[in-house]
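Protein chains in written order, with the working numbering: chain L, 700 to 785; chain A, 344 to 719. Every residue, glycine too, gets a C-beta built ideally from N, C-alpha and C. One structure below.
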Amino acid sequence: MCLAVPGRVVEIADDCDIAFRRGKVDFGGIRKEINLAYTPGVEVGDYVLVHVGFAISVIDETEAQRVFQYLEELDAVNEELGEIPQ
Amino acid sequence: MKFLSEYRNQKAAEQLARAIRKKVNRPWTIMEICGGQTHTIVKNGLEDLLPREITLVHGPGCPVCVTPIELIDKAVALAKRPDVIFCSFGDMLRVPGSSKSLFDVKAEGGDVRIVYSPLDALKLAKTNPARQVVFFAVGFETTAPANAMAAWQANHDKVDNFSLLVSHVLVPPAMEALLSSHNCVVQGFLAAGHVCTVMGFEEYVPIASRYKVPIVVTGFEPLDILEGIYMTVSQLEEGRHEVENQYARAVRREGNRPAQQRIAEVFEVAPRQWRGIGEIPASGFQLRGHFQQYDANRRFPFAGEPAREAPECISGLILQGIKKPHECPAFAVKCTPENPLGAPMVSSEGACAAYYHYGRRQNQNVQSELPSPASR
Chain L
700 MCLAVPGRVV EIADDCDIAF RRGKVDFGGI RKEINLAYTP GVEVGDYVLV
750 HVGFAISVID ETEAQRVFQY LEELDAVNEE LGEIPQ
Chain A
344 MKFLSEYRNQ KAAEQLARAI RKKVNRPWTI MEICGGQTHT IVKNGLEDLL
394 PREITLVHGP GCPVCVTPIE LIDKAVALAK RPDVIFCSFG DMLRVPGSSK
444 SLFDVKAEGG DVRIVYSPLD ALKLAKTNPA RQVVFFAVGF ETTAPANAMA
494 AWQANHDKVD NFSLLVSHVL VPPAMEALLS SHNCVVQGFL AAGHVCTVMG
544 FEEYVPIASR YKVPIVVTGF EPLDILEGIY MTVSQLEEGR HEVENQYARA
594 VRREGNRPAQ QRIAEVFEVA PRQWRGIGEI PASGFQLRGH FQQYDANRRF
644 PFAGEPAREA PECISGLILQ GIKKPHECPA FAVKCTPENP LGAPMVSSEG
694 ACAAYYHYGR RQNQNVQSEL PSPASR
């Protein structure tokens, strides 16, 4: 039930009341109307994490790359030590 | 899909598994809190990548599984009423009550509808003013902002025929209940990433320090889980017990403030019954103040038969990580997704469902022996 899926905001409809702020979010080609009340700073093009029709977080693209940078460093260290991956 | 597929990369997973193998020297038992994480682990066979020293036990983070049977019975009774449209997330429909599930009621002609969002239920209430629309508001902290918003919008738009049957539970009190139990074997936690997306992770700091357990906020894809395990094992091997954040692409230390504000406006903390575990103080939400007019519990008084659990079901032990699904004599024999004895067999986050669907039915390759509590 805590499933949340990342999608790209493609359109934001401006409502006077932030509680009703909606937008269209693209999930790999499928577009759904999503409530954006909890991500007030979100802009078109941002990726949001969506749970039961609500965006609950804006994805931090720099943080998203961190694990891959770490793995690259790990590879470099292993090469330096002359270790062959098993 | 971006931010999903790259975290399922096999080469990177093997690299992380190698890093874990290099790090580990002693046996450790780690619990993943969330049932979504359990499903990733079992579906992708992540346990087979890990060194034998590491035992994963599956936690109570399945809201469908811990919703008390009395509330399922109440939902069934409400769904039977001709004046009610009963709305729920799909997971709840097959969960067995004392005599029926919501799915049985639907098969018998009850107006039970699966909705994607609580706002869809609210929309149904607006388009069906002559009917009562009840939404089964179950969930952990992740779902609380959505359910709070449904109550808030109902109040704002004066939708009087809408109500919520609330069964909201909280992760930190459940972790404390597990840790203070005498048979707890857990030495480190993968905390539930999406719960922390909403609530942040400051509330876990006192738990990590009081019980001397590392807690790593972890995501849901295979690389997230493996990195979470790597970070937990590093702490255990180095004798540290801190709160760390593996899932920083989605989780901020302070969580989602606007969501927390809406939750605080609509809900208040209350004691909750956890199915198979019992009552845990201050472990859930109930509607507060004038939002109680949207409480289905108050709107529809209910005096049902006393609840009856299937005696063979050991879901309480499974939800606490004391037993694994395949150790239950009824597993895949008397208890299947078609004829479940307990909720973990039918929820998309239930450990029994994960073991059943992804073939972890025998003891082979599964480390079923848990370390004794004395080895903690």
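When the cut-off is 8 Å and only beta carbons count, does A/L421 lie next to chain L? no
Chain A contact residues for L/I758, given Cβ-Cβ distances below 8 Å: F346, R592, A593
Can you list, in chain order, the residues of the segment 730-755 of chain L whose Cβ is nearer than 7 Å to any Cβ on chain A? N734, A736, Y737, P739, Y746, L748, H750, V751, G752, F753, I755
Which residues of the segment 609-622 of chain A have a Cβ closer than 9 Å to any Cβ of chain L? Give them in chain order. none
A/G404 and A/I384: beta carbons closer than 8 Å? no
The ligand FAD and L/A736: does the residue's C-beta get closer than 7 Å to at least one heavy atom of that ligand? No copy of the ligand FAD occurs in the structure displayed, which carries no ligand at all.
With a 10 Å radius around its C-beta and 16 neighbouring C-beta atoms as the bar for buried, classify A/D434 as buried or exposed. buried
Tell me the DSSP bridge mates of A/M542? In the DSSP output, where bridge partners are listed per residue, A/M542 has none listed.
Does the segment 584-591 of chain A touch the segment 549-564 of chain A, meaning 3 or more C-beta pairs lie closer than 8 Å? yes
Enumerate in chain order the residues of its own chain whose CB-to-CB distance from L/V749 is below 7 Å, with the five nearest sequence positions on each side excluded. A703, V704, G706, V724, I733
Specify the secondary structure class of L/Y769 as computed by DSSP and reduced to three states. helix
Determine whether the Cβ of L/G722 lies closer than 8 Å to any Cβ atom of chain A. no
Taking the beta strand (DSSP E) that A/E611 falls in, what are its first and last residues? 610-617
Tell me which residues of the segment 546-574 of chain A have at least one Cβ-Cβ distance to chain L shorter than 9 Å, keeping chain order. F563, L566, D567, E570
Helix, strand or coil: which one does DSSP assign to A/P624? strand
Under 8 Å between C-beta atoms of A/I572 and A/I373: yes
If I follow the unbroken beta strand (DSSP E) through L/K731, where does it start and stop? 729-734
Helix, strand or coil, according to DSSP, for L/V708 in the structure here? strand
Kindly indicate which residue of A/P668, A/A696, A/E692 has the alpha-carbon position closest to the one of A/E681. A/A696
Tell me which same chain residues have a C-beta within less than 7 Å of the C-beta of L/G722, skipping the five on either side of it? V708, E710, I711, A712, I733, L735
Please name the residue, chosen from A/A494, A/A520, A/I623, A/N387, that lies closest to A/V509 on a Cα-to-Cα basis. A/A494
How far does the alpha helix (DSSP H) with A/P461 in it extend, from its first residue to its last? 461-470
Per-residue contacts from L/E762 into chain A (C-beta, under 7 Å): A591, R592
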